[in-house]
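Asker: Residue numbers (my numbering): 174 to 397. Heads up, the beta-carbon is just placed ideally off N, CA and C, and yes, glycines get one too.
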């Protein structure tokens, strides 16, 4: 039996600091993690003019970059992106990309999803909240609390999209053992989401040709 993830926030920071290059090589490069996310964002049509977007657990910016580039491709105007993460090394890599590309509408912060009261003024009332591969590092009994915190940052009737690792044999070795993170069944996620309360709960899927990524995670589309 594998133990559930009980990593403290400092341990999570150390894990991603120590393995930052491996993370990018294996997940972003070899497994084409970003391409799968991009396919979902394009199909979902999540962005509009004047949107304010939060990436919770933004890491080195994989998901925010996709959202930013999608907004540019659609020629959308006046969009602001915020991203927070626990790990300074990940944020520093993201900041370097922002500076290299002279981007002015992406703002970053080190923060903990369980302590959103510490977020600055203005980090609220989002039109879209997104999160990928972050909630797995919380203890399972904190999942509903974290999702509730993110829900509270949304404007009424706006959406949240979450990518969260699903429980299966592959992920038991790859994610739970190697990356010391939790993995979830659909029933566990449904229970947590019902505790939080949403007007709509949808389980989405990766479109072709990235259908194989449905083995990796669940995609939750949640409406406040």
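#1: Would a C-beta distance cut-off of 8 Å place residue 220 and residue 264 closer than the cut-off?
#2: How is the beta strand (DSSP E) around residue 226 delimited, first residue to last?
#3: Residue 342: buried (16+ other C-beta within 10 angstroms of its C-beta) or exposed?
#4: Would you call the segment 279–296 and the segment 358–375 in contact, with 3 or more CB pairs under 8 Å?
#5: On the criterion of 16 or more Cβ atoms from any shown chain inside 10 Å, does residue 356 qualify as buried, or is it exposed?
#6: Closest to residue 256 by CA distance: which of 280, 245, 269 and 247 is it?
#7: Would you mind reading off the limits of the beta strand (DSSP E) that contains residue 212?
#8: Just reading off the alpha helix (DSSP H) that residue 385 is part of, what are its end residues?
#9: Tell me whether residue 384 is buried or exposed, calling it buried when 16 or more other Cβ atoms sit within 10 Å of its Cβ.
Answerer: Taking the structure as given:
#1: no
#2: 225–229
#3: exposed
#4: no
#5: buried
#6: 280
#7: First-last for residue 212: 206–217, but that is the alpha helix (DSSP H), not the beta strand (DSSP E).
#8: Residue 385 -> no alpha helix (DSSP H), and no H or E assigned at all.
#9: exposed
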